[in-house]
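**Q**
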Amino acid sequence: QKEVEQNSGPLSVPEGAIASLNCTYSDRGSQSFFWYRQYSGKSPELIMFIYSNGDKEDGRFTAQLNKASQYVSLLIRDSQPSDSATYLCAVNEGGFKTIFGAGTRLFVKA
Amino acid sequence: EAQVTQNPRYLITVTGKKLTVTCSQNMNHEYMSWYRQDPGLGLRQIYYSMNVEVTDKGDVPEGYKVSRKEKRNFPLILESPSPNQTSLYFCASSPGANQPQHFGDGTRLSIL
Numbered sequence: 472q473k474e475v476e477q478n479s480g481p482l483s484v485p486e487g488a489i490a491s492l493n494c495t496y497s498d499r500g501s502q503s504f505f506w507y508r509q510y511s512g513k514s515p516e517l518i519m520f521i522y523s524n525g526d527k528e529d530g531r532f533t534a535q536l537n538k539a540s541q542y543v544s545l546l547i548r549d550s551q552p553s554d555s556a557t558y559l560c561a562v563n564e565g566g567f568k569t570i571f572g573a574g575t576r577l578f579v580k581a
Numbered sequence: 002e003a004q005v006t007q008n009p010r011y012l013i014t015v016t017g018k019k020l021t022v023t024c025s026q027n028m029n030h031e032y033m034s035w036y037r038q039d040p041g042l043g044l045r046q047i048y049y050s051m052n053v054e055v056t057d058k059g060d061v062p063e064g065y066k067v068s069r070k071e072k073r074n075f076p077l078i079l080e081s082p083s084p085n086q087t088s089l090y091f092c093a094s095s096p097g098a099n100q101p102q103h104f105g106d107g108t109r110l111s112i113l
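Chains as they are written, first to last, in my numbering: chain A, 472 to 581; chain B, 2 to 113.
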């Protein structure tokens with residue numbers, strides 16, 4: 472059974488701090504990695520995607536991928552109260568299925 | 002506006018009464034998928050479709066059917082709903098299976 476694991480949290484950080492969200496996956500052949508943000512009662516929305524080892528930055532968000540260690544992380548710099556949400560890690564192994572983690576709840580305290 | 006549209010948004014029904022949740026996308030995406038979301042379990046894939054007339058099972062297909070007769074539409078059918086299918090359902094689409102998905106607003110189903 473292919474798995475994607477995330478710490479359920481909640482992760483609480485003060486406003487302006489860096490929030491670090493982590494995700495591990497079991498299928499070594501995985502090729503595509505995604506971070507989605509989901510506000511309570513809303514649908515998931517894409518934050519970042521990454522296909523290659525290393526870092527990918529977009530504004531305050533950085534995705535980090537380490538295929539050898541089978542983990543992918545999301546860093547949120549200068550965290551804002553509006554970043555408070557559940558963050559879902561998703562992995563595609565190169566086929567037609569995408570597996571989601573259960574999500575990490577993030578609280579940013581003003 | 003690029004969007005995935007699901008209907009209905011909310012439905013309360015009874016065990017055994019067939020229902021269909023519709024999903025339509027206007028982005029000409031080839032790949033479409035249905036997920037259910039339950040507390041503590043995240044999103045679990047029910048069925049997916051790679052293109053018209055091409056569908057396959059996800060991780061939790063039991064009790065569900067789908068069809069893809071047109072590229073834009075991907076309905077989810079519960080022929081004999083049971084209470085364990087009470088959940089929040091999302092339809093999603095993307096240009097390909099390994100690309101970011103665009104989600105609909107969700108359908109909350111309650112089966113009594």
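Note that CB positions come from ideal geometry on N, CA and C, so glycine has one too.
(1) Considering only the alpha carbon of each residue, which of B:Q26, B:E2, B:Y36 lies closest to R109 of chain B?
(2) Does the beta carbon of Q4 of chain B sit closer than 8 Å to a beta carbon anywhere in chain A?
(3) In whole angstroms, give me the CA-to-CA distance for G530 of chain A and E486 of chain A.
(4) Out of curiosity, what's the CA-to-CA distance linking G574 of chain A and T557 of chain A?
(5) Which residue comes first and which comes last in the beta strand (DSSP E) that contains Q509 of chain A?
(6) What are the uninterrupted segments assigned as beta strand (DSSP E) that are 3 or more residues long and contained completely in the region 515-574 of chain A, given in chain order?
(7) Verify whether the separation of the beta carbon atoms of G107 of chain B and Q4 of chain B is less than 8 Å.
(8) Going by the beta-carbon positions, is the gap between L547 of chain A and K473 of chain A smaller than 8 Å?
(9) Could you give the residue range of the beta strand (DSSP E) that holds G43 of chain B?
(10) Please classify Q102 of chain B: does DSSP put it in a helix, a strand, or coil?
(11) In whole angstroms, give me the CA-to-CA distance for S483 of chain A and Q551 of chain A.
(12) Taking Cβ positions only, does S514 of chain A come closer than 8 Å to chain B?
(13) What first and last residue would you give for the beta strand (DSSP E) that runs through R37 of chain B?
(14) Since E476 of chain A is in the beta strand (DSSP E), which residue starts that stretch and which ends it?
(15) Which stretch, first to last residue, makes up the beta strand (DSSP E) that contains L89 of chain B?
**A** Taking the coordinates as given:
(1) B:Y36
(2) no
(3) Looking at the two C-alpha atoms, the distance is approximately 17 Å.
(4) So the alpha carbons of these two residues sit roughly 6 Å apart.
(5) 503-509
(6) 516-521, 525-529, 532-537, 542-547, 556-563, 569-571
(7) no
(8) The identity of residue 547 of chain A in the sequence shown is Ile, whereas the question assumes Leu. Not closer than 8 Å, so no.
(9) 43-52
(10) coil
(11) 12 Å
(12) yes
(13) 32-39
(14) 475-477
(15) Start and end: 88-95.
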